[in-house]
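See below for the structure under consideration.
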Amino acid sequence: MKDYEKSGPFGATVLSRMKSTQMGRLKNLIESFSHQVLQDKQLVLVIDVVSGDVVDEVMSAVKSTILSESSDITVLVHSGPVFPFHIASSLCRLLQLADEHTTIRHHFITEFYPSYEYGPHFLDDQLDAFIYTDATIVGKSRHFERDGSVSRSGEEHEFVEKLLPGTAMTSLSLLEHICSLRELPPTTSFKHYATDRYDFAIK
Numbered sequence: 001m002k003d004y005e006k007s008g009p010f011g012a013t014v015l016s017r018m019k020s021t022q023m024g025r026l027k028n029l030i031e032s033f034s035h036q037v038l039q040d041k042q043l044v045l046v047i048d049v050v051s052g053d054v055v056d057e058v059m060s061a062v063k064s065t066i067l068s069e070s071s072d073i074t075v076l077v078h079s080g081p082v083f084p085f086h087i088a089s090s091l092c093r094l095l096q097l098a099d100e101h102t103t104i105r106h107h108f109i110t111e112f113y114p115s116y117e118y119g120p121h122f123l124d125d126q127l128d129a130f131i132y133t134d135a136t137i138v139g140k141s142r143h144f145e146r147d148g149s150v151s152r153s154g155e156e157h158e159f160v161e162k163l164l165p166g167t168a169m170t171s172l173s174l175l176e177h178i179c180s181l182r183e184l185p186p187t188t189s190f191k192h193y194a195t196d197r198y199d200f201a202i203k
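The sequence shown begins at 1 in UniProt numbering and counts up one residue at a time.
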């Protein structure tokens with residue numbers, strides 16, 4: 001039995017970020033997260049306040065979108081220098097900010113892109129793959145456009161060379177290890193596993 005398997009349910013923490021100029025995407029992000037059938041979940045959203053925007057106005061927009069207070073959702077307003085959007089660097093910086101301001105509740109970590117649409121079984125599909133395979137990173141290798149047309153072909157339920165950005169889930173311990181390194185290890189250091197295609201779409 002792997003060290004993250006428990007006798008009861010286990011969950012996932014979702015990290016996400018957007019600029020304050022992209023608040024129109026907030027509703028889509030909250031809906032993608034809230035509609036997940038996985039019960040034990042957490043969203044940590046970092047909003048980069050762009051020069052000229054007022055923090056109070058940004059938080060007001062957040063509160064009007066998140067109609068009821070939820071212990072599952074934490075919003076952090078970041079008004080310092082905008083950190084890079086390079087996938088690995090961005091995720092490590094998100095993790096650092098989350099650690100500074102809140103508690104990461106789960107052993108598994110993933111990232112949601114505000115412009116992507118994540119179906120209700122997205123999180124539990126990823127978690128299932130960790131139970132039934134020896135993968136170290138799980139994600140998607142194909143997606144659909146919102147109109148249903150196939151946008152990219154890829155493998156399903158197979159080990160693959162790489163995964164689509166905005167879909168990868170891994171353990172907190174592995175992500176912390178990667179973030180502690182001066183250079184990113186080669187992709188061959190990890191076992192990438194692609195889960196079912198039918199729960200992920202982009203605009």
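By construction, the Cβ of each residue, glycine as well, lies at the ideal position given by its N, Cα and C atoms.
Proximal residues to residue i (C-beta, below 7 Å), its chain only, five neighbours per side dropped
i, result
"S79", "V49 and V55"
"Q36", "P120, F122 and L123"
"Q22", "P114"
"K27", "T65"
Coarse secondary structure for residue i, derived from DSSP in three states
i, result
"T167", "coil"
"E176", "helix"
"S34", "helix"
"Y132", "helix"
"S20", "helix"
"L43", "strand"
"T188", "helix"
"H157", "coil"
"H101", "helix"
"F200", "strand"
"L15", "strand"
Sequence-distant residues of its chain with Cβ nearer than 6 Å to residue i (five each side left out)
i, result
"T167", "G139 and K140"
"V75", "L45 and V62"
"S20", "I47, V49, V50, D53 and V58"
Residue from the options with nearest C-alpha to residue i
i, options, result
"S32", "Q22, S16, I47 and F108", "S16"
"Y113", "V44, K162 and A61", "V44"
"G24", "D40, V14, Q42 and S64", "S64"
"L175", "V160, Q22, D40 and C92", "C92"
"S115", "T133, P165 and L29", "L29"
"I73", "I104, Q96, S90 and E100", "I104"
"I109", "L26, L127, E100 and A201", "L127"
"S180", "V160, Q96, K27 and M169", "Q96"
"T102", "E111, S90, I66 and Q42", "Q42"
"T170", "E111, S90 and S34", "E111"
"L38", "V14, L94 and V160", "V14"
Cβ-Cβ separation, residue j to residue i (assumed contact under 8 Å), whole Å
i, j, result
"residue 217", "A12", "In this structure the chain extends from 1 to 203, so residue 217 is not present and cannot be described."
"V46", "V58", "Contact flag wrong, Cβ pair sits at about 12 Å."
"Y193", "A129", "5 Å"
"F190", "I137", "5 Å"
"Y118", "F200", "6 Å"
"T195", "D125", "5 Å"
"I178", "L172", "Not a contact, Cβ separation roughly 11 Å."
Limits of the beta strand (DSSP E) - the one that residue i falls within
i, result
"H78", "I73 to H78"
"T110", "F108 to E111"
Where the alpha helix (DSSP H) through residue i begins and ends
i, result
"V138", "Here V138 belongs to no alpha helix (DSSP H); instead the beta strand (DSSP E) covers I137 to G139."
"V62", "V55 to T65"
Close beta carbons around residue i, own chain, < 8 Å, minus the five adjacent residues each side
i, result
"K162", "S141, T187 and H192"
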